[in-house]
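Engineer:
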Amino acid sequence: MAAETTSKRADPDDEGVLRSTVRALLAPRRAIPISLVVVPLTIIQDAYSRDPIAVPLALLLCGSFLLVGPSLWRALFPMDKPLASGAALRVLVYAGVGASLVLGIGRVLPDLVGAGTTFLTTKPSLAVCVALFWVGGWGLARDIELEEHLRRERARALALSREADHAQLLALRSHLDPHFLFNTLNAIAEWCREDGAVAEKAIVQLSSMLRTMMTGIQSTTWPLAKEIELVNALFAMHAIRDPSLFEVRLALPEPLPEVDVPPMILLPIAENAMKHGPLARHKGEVVLEVTIARDLVRVSLSNPGAYQGPREGGSGLAIVQKRLALAFPDPAKRASFDIAAEGPDRTQAVVVIPRS
């Protein structure tokens, strides 16, 4: 229902000139100054005129100016279109309509209803009203057009910013995929020298992982369950070489929370846990845990081996932080990533992701 309401809401870019002008004039930044002019002018008209039509006449003059003046100028001279030939004729049309409207209300209408002379219908006052129509209509129109132009430019800048963020996200992801692939191929190359059968099994496992990863490359997000499946495949591939090298303990809720995550966001974390844990000959469990706290999903991965702090030249974990920042830009729903010591001889990485 909310989506339908949003889709039916009027888009300022689709409004007509008159409607958008009225909307702009009702904005406080214009409505207040306009009131500070119209109200005193109406009071003066009432004070210096004896005819009962004086106040309605003043309000009619002011209302017609506000509705016609800026709308007419915007229709004749739209800011987003080049000033083509015929500009002089359009200026004459604007001036003629303004003068005709003021004189029609200020002279012809009082004569038709048999009203006497009022403060605003004297010749000097009408001359001033015509000039105010010309200049005021132009000024309000330019102000409204500039505001509309600024709004469109901001919307365009926001759209470009989102496109740039998306492009950066794709670039980071394309950087991540070779990062994983190179690490794995280097490991398989070493296994080939030591045990061909193990290397063959690892290549088959890697092929399966790459098929899954190709799906992720084509998607902005995918289910957390898919991400856990990919991390488990990584653990299984490393276990092919030496099943006794490490143990994996999964602490997952049943069922897993239905939350979408950036594809392969946990993969470099799992790589890091293996590289600096079991593959560095540290004995102990590799623990993958998922917990739910209110509107957040917490994914933690801990490995044996004391935390040594950030390592120079490493890019995988830095990419995780950048991808999370791009995937969850809303300040109220930020994702976070942290890696720190878990006691004296373990390291823990934690990713916290909003559920919606």
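When we follow the numbering used here, the leftmost residue of the sequence shown carries the number 16, and every step to the right adds one.
We put the beta carbon where it would ideally sit given N, CA and C, even for glycine.
The structure presented is a predicted model; accordingly, all values stated were derived computationally and were not measured.
State the DSSP-derived secondary structure class of residue 44, mapped to helix, strand or coil.
Structural biologist: helix
Engineer: What does the Cβ neighbour count give for residue 60, buried or exposed, with the cut at 16 atoms within 10 Å?
Structural biologist: buried
Engineer: Pull up the distance between the alpha-carbon of residue 357 and that of residue 288, whole angstroms please.
Structural biologist: 13 Å
Engineer: Does the distance from the C-beta atom of residue 313 to that of residue 367 stay below 8 Å?
Structural biologist: yes
Engineer: For a minimum of 4 consecutive residues, which ranges assigned as the alpha helix (DSSP H) are wholly contained in the stretch 117-148?
Structural biologist: Restricting attention to alpha helix (DSSP H) runs no shorter than 4 residues, the stretch 117-148 encloses them at 124-128, ordered along the chain.
Engineer: According to DSSP, residue 238 sits in a beta bridge with which residue or residues?
Structural biologist: 275
Engineer: Kindly indicate the opening and closing residues of the alpha helix (DSSP H) around residue 86.
Structural biologist: For residue 86, the enclosing alpha helix (DSSP H) begins and ends at 69-91.
Engineer: Between the stretch 149-167 and the stretch 78-93, are three or more C-beta pairs nearer than 8 Å?
Structural biologist: The stretch 149-167 is in contact with the stretch 78-93.
Engineer: Taking buried to mean at least 16 other C-beta atoms within 10 Å of its own C-beta, is residue 350 buried or exposed?
Structural biologist: buried
Engineer: Would you mind sorting residue 281 into buried or exposed? The rule is 16 or more other CB atoms within 10 Å of its CB.
Structural biologist: buried
Engineer: Check whether the Cβ atoms of residue 316 and residue 271 sit closer than 8 Å, and answer yes or no.
Structural biologist: For residue 316 and residue 271, no; Cβs fall outside 8 Å.
Engineer: Measure the alpha-carbon distance for residue 191 versus residue 286 and round it to whole angstroms.
Structural biologist: In this prediction, residue 191 scores a pLDDT of 48, lower than 50, which makes its location untrustworthy; the coordinate-derived value is nonetheless stated afterwards. Rounded to whole angstroms, residue 191 to residue 286 spans 12 Å at the Cα level.
Engineer: How many Å lie between residue 255 and residue 220 at the Cα?
Structural biologist: 9 Å
Engineer: For the alpha helix (DSSP H) containing residue 266, list its first residue and its last residue.
Structural biologist: Taken as a continuous stretch (DSSP letters only), residue 266 belongs to no alpha helix (DSSP H), being part of the beta strand (DSSP E) at 262-266.
Engineer: Have a look at residue 364 and residue 89 and give me their C-alpha separation to the nearest angstrom.
Structural biologist: 59 Å
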